[in-house]
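As they're listed, the protein sequences go chains A and B.
Take 42 as the starting number for the first sequence in the working numbering and just add one per residue.
Take 3 as the starting number for the second sequence in the working numbering and just add one per residue.
Written out below as structure tokens is the structure these notes cover.
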Amino acid sequence: MTGSFPAAMLLKSLPEISLVILAGLVLLLSLVWKKRPPQALTWITIAGLMLCLLLALLFALPVKGPYLIWGGLLKIDVLSFLFRMIFLTGAALTVLISVERQPSQGQGEYLALLITSVFGMCLMAASADILMLYLAIEITAMPLFILAAFQFRQKKSAEAGLKYFLYGAMTSTVMVFGFSLLFGISGQTGYSAIAAALEPDRLPVSLTAGIFMLVLVGFLFKVSAAPFHFWAPDVYEGAPTPIAGFLSTASKAAGFAALLRILQEVFRASPELRFGLLAAAAVASMLIGNFLALRQKNLKRLLAYSSIAQAGYILVGAAVGTPLGASGAIYYLIAYLVTNLAAFGAVAVVSSNTGSDQIAAFSGLNRRNAALALVLGAALLSLGGVPVFAGFFGKFLVFASAVQAGAVWLAVIGVLNAVVGLYYYLNLLKVMYLDPVPEGSGPLTVVFPWKAALLVCAAGILVLGFIYRPWYHWADLAAQMLLLH
Amino acid sequence: MQTLLHPLVLTTFFPLVGVAALLLVRPGSARASRWIALLTALITFGLSLWVLAAFQRGSADLQMAVNLPWLTIAGVEIRFFMAVDGLSILMVLLTAFLVPLAVLSTWTAVQEKVRGFMIAFLLLETGMLGVFLAQDLVLFYVFWEFTLIPMYFLIGIWGGERRVYAAVKFFLYTMAGSVLMLLALLFIGWQAGTFSLPELVAARGIFAGAQIWLFLAFGLAFAIKVPMWPLHSWLPDAHVEAPTAGSVILAGVLLKMGAYGFLRFNLPLFPQATKLLAPWMAAIGVVGILYGALVAYRQKDMKKLVAYSSVSHLGFVVLGIFALNQESVAGSILQMVNHGLSTGALFLIVGYLYERLHTRQMSAFGGVWKAAPLLGSVSLVVALSSMGLPGLNGFIGEFTILAGAFNSALPAARWLAGAATIGVILAAVYLLHWFEKIFLGPALKDEVKDMKDLHWREGFIIAPMLVLIFWIGLYPQPFFDLINPTVSRLLGLLP
């Protein structure tokens, strides 16, 4: 526990505090302000999220070296700072994409739940204590369960919410059992104290391995990696499209942020264990995700399988665990945020215009709306890892880290999977650009918030794909500091 | 600013200026799009001539280098490093020379979505020039992969009937080959602590232990691109479905990227593996020569015939590269240029014929000479150049390669060279067969009888190629002067 006076602690967690206030404010306004313009709450939420971003930049910039606050519960470092930016940006984009999805009576709840979930994510990325981590994970997950079932009058959405909840409840129970063992062994809940108790001379490695596996279950669920990926396709398909996008990007990023931290700060004494288990999960995720994606007819399901595969690539970086591996995973997550939100945004536009998210509904998209097709096309090529799009450099870094660490076999499996992935992304591109326009479909209308969201995402895909240095610098800094004990 | 005005940077990225201008044009305005693209391509060609003017002949070193820090990952620098030497100068010139001609050839052939076509074409040009100039492995890889996207769209949107299948096949084949190259270049990068090619060549002892594997990983990417038998099956599909301008660039430049890659990377980086595997590579090259020629003879579709003739001709290039002596390697580089000119021109002629009759089946033609004597005589010259008639460019390339291979240190060198010579004869067979089917005999069909002769624009496109075909055929020395010093240095790097 580092001594620090409360005012500084308040300032450092100002963004989180503001998020809670924002959630309350949005709820309150939705109740009392009956005659508001239809999109007023959307813009208030976005303004609020941007304000949190600004507050973070003004008051909560990471200081040199890690810095514990709230009695050692949270750690302020580059990792938590960077991921807070990711979550806030992701949430703002999701709110923009959601404009049409909110029935006016549920709008306040929808937005407040989303904000609460972001609050939980920020805590997840900063947690330095297993109790705090567990709370943060639950704060993140509960609103997402409800959001997945938000269109509860549709059977699929209700099913999605229930499936997500049951799966999440089960895996988090297993994880909390692992946490209880950690507490039992060390008598502490802080990461560093637990890490000391896990040193090989104090605890047999087999026992550490068992605990690690229990804890990993919760994380693999969170990032939708094999073998705990089964929920993803059904939930993505049934959940409102923006929420599916949010689950696949920000929620996944939160899982990885916490995972990277716990790997380096708690299970640091057993790198072979980390590599073995995570590499196995990575290989399984890549294979399952890519090969099952090949046969999908529904674009949201396809993106779900693709998201399982992408979790696999990111796990390669986490498995390697070197500074390069960690920074590669972080860069990948930043790139993946804009890329996948662009993809889900495009799906939201098409499905709200045509009422379908089957792949066939995207035929001849470039003749119905060329700009939309261009954005979705860039997102798909970025997912496939083709230069000069954001996804290329993410893949480059994680595979580079595997080769650097001597795990060439893992990189070989990875790149071959990337080719398989490219096949179905190209097929989608083909549907959009080369297939005939289905009869009776007119041009698509794209409302302003959608345009704004898609434009930001497209700009992100290009900027992250062209200009690596500043982003890589931040990712690298986060990784360096993570490895600093 | 200084960097932006560097001749190499300016040449490579100038097409992007055209892309930016095209983005400002109204999507429907075909005329403006064509003119902007043509102008951009011509200026780029002018810039490449500027590079040639500044190029010091007789020097084997890398010249006009621009070498800037780009990014440092895990302590290893990735640099923005471009330079030109005798290996790349001709490729750069060939690219910049062919692109404006290809743009001109689309003037009437491409009517739909002209703006998009031109954007893709200019993006492709930047990618290709970057491939030939990059001296940093990561930078090279980025350009290499980038060329896939515009080509995918060129085939997929503006191609023939089975364009979708061909486009996807083209993309996946090339990608599958190059991802392993990515891992191999990462491997040597980490081992040696640098990604810049000259430094890697100096430090090649560090990764000498894994040479064979590295050679194969790089080699697979290049062999698919060349394409070497038996990895060629994407090429006929891509060629048949691509629009004429796409075929010209595909045959003229993209295939050269593979052969160039062998010379640029495999030879200097993995010398022992090169020596060890050279006989196999040369033998596969000879198989390609014979296989391509035999299959070409059986084709009924003109584009397929030219596509398989490419497989055959590139077999000569591969044989020349792995015969590993001064004549054969220099001949290979010249033959790359020759193939770009002759096969590019052949594709143009096929395109002209297609525009007239809207079929590529050879049986639909016959007796075209009577209706279009000018087109016929131009075609004859191109066909003769492609089959290696003395006095035209093909002869110089093939003769130097065969002479070099005959005297090389390869096992059974004379047998290999002898078998390759049969390929020359076969080339004459299938090309004359093609010429006879199309142009000679009586004109039986009315469409053929009414066929228009060469339009002045069509002639204008093909004329510069004919000039070069004769120039290289009659006086190749200036070209060899550009190539030879670098080839000696390259071969000096081998054990």
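Where is the CB? At the ideal position from N, CA and C, for every residue including glycine.
Asked	Found
Candidates Lys447/B, Gly60/B, Tyr354/B: closest to His457/B by CA position	Tyr354/B
Contact list for Glu147/B against chain A, beta-carbon separation under 8 Å	Val427, Pro428, Phe433
Spatial distance of Phe142/B from Ala136/B (CA atoms)	5 Å
Short Cβ contact (7 Å threshold) for Leu485/A with Arg408/A	no
Contact list for the segment 183-215 of chain B against chain A, Cβ threshold 7 Å	Leu184, Leu185, Leu188, Phe189, Trp192
Coil, strand or helix - Leu115/A by DSSP	strand
Chain A contacts made by the segment 157-177 of chain B, where a contact means CB separation under 8 Å	Gly158, Ile159, Arg165, Val166, Ala169, Val170, Phe173, Leu174, Met177
Sequence-distant residues of the same chain with beta carbon closer than 6 Å to Val590/A, five excluded per side	Any question about residue 590/A goes unanswered here, given that chain A covers just 42 to 526.
Cutoff 7 Å: Ser32/B Cβ touching any chain A Cβ	Correcting the residue identity first, residue 32/B is Ala in this sequence and not Ser. For Ala32/B, the answer is no, since every Cβ of chain A falls outside 7 Å of its Cβ.
Per-residue burial, Gly390/B [other beta carbons within 10 Å of its own, 16 or more giving buried]	buried
Interface partners of Ile151/B on chain A, CB under 7 Å	Leu422, Val427
Selection from His241/B, Ile45/B, Phe324/B, Arg36/B that minimises the alpha carbon distance to Leu12/B	Ile45/B
Top-ranked residue by Cα proximity to Ala419/B, from Glu201/B, Leu100/B, Ala325/B, Val112/B	Ala325/B
Residue nearest to Ile151/B in terms of C-alpha spacing, selected from Thr135/A, Arg302/A, Val136/A, Leu422/A	Leu422/A
Integer Cβ distance of Gly191/B from Trp231/B, believed to fall under 8 Å	At roughly 31 Å, the Cβ-Cβ gap does not stay under 8 Å, so Gly191/B and Trp231/B are not in contact.
Beta strand (DSSP E) segment containing Arg81/B, residue limits	78-86
Per DSSP, cross-strand counterpart(s) of Asn562/B	What is shown of chain B runs 3 to 497, which leaves residue 562/B out entirely.
Per DSSP, cross-strand counterpart(s) of Tyr477/B	Answer is none; Tyr477/B lacks a bridge partner.
Exposed unless 16 or more other CB atoms sit within 10 angstroms - verdict on His530/A	Past the edges of chain A, shown from 42 to 526, lies residue 530/A, and the structure says nothing about it.
Proximity of Val384/B and Lys306/B at Cβ, strictly below 7 Å	no
For Leu72/A, the first and last residue of its enclosing alpha helix (DSSP H)	55-73
Min CB distance Ala76/B to chain A below 7 Å	yes
Classification of Pro241/A by the beta-carbon crowding that lies within 10 angstroms, buried from 16 upward	exposed
Selection from Glu127/B, Leu41/B, Leu18/B that minimises the alpha carbon distance to Leu96/B	Glu127/B
With 16 other Cβ atoms within 10 Å as the buried cut-off, status of Trp371/B	buried
Own chain, CB closer than 7 Å to Ser227/A, minus 5 neighbours either side, in chain order	Ala234, Ile235, Ala238
DSSP state of Gly231/A mapped onto helix, strand, coil	strand
Cβ-Cβ distance between His341/B and His360/B below 7 Å	no
Neighbour-count burial assignment, Tyr262/B, 16 or more Cβ in a 10 Å radius	buried
C-beta contact flag for Thr530/A and Leu378/A at 7 Å	The structure shown does not extend to residue 530/A, since chain A spans only 42 to 526, so no value can be given for it.
CA nearest to the CA of Ala178/B, picked from Ser379/B, Leu139/B, Gly317/B, Gly221/B	Gly221/B
Beta-carbon proximity list for Gln143/A, same chain, < 6 Å, skipping 5 on both sides	Per-residue confidence for Gln143/A stands at a pLDDT of 47, beneath the threshold of 50, marking its modelled position as unreliable; no derived number is given.
Identity of the residue in Leu106/B, Val133/B, Glu438/B, Leu202/B nearest Phe272/B by Cα	Leu202/B
Reference Gly483/A; option with closest CA among Leu406/A, Ala414/A, Thr181/A	Leu406/A
Cut-off 8 Å between Cβ atoms - residues of its own chain near Gln274/B, not counting five sequence neighbours on either side	Ala210, Gln213, Pro497
Outcome for Leu496/A when other beta-carbon atoms lying within 10 angstroms are tallied against a minimum of 16	exposed
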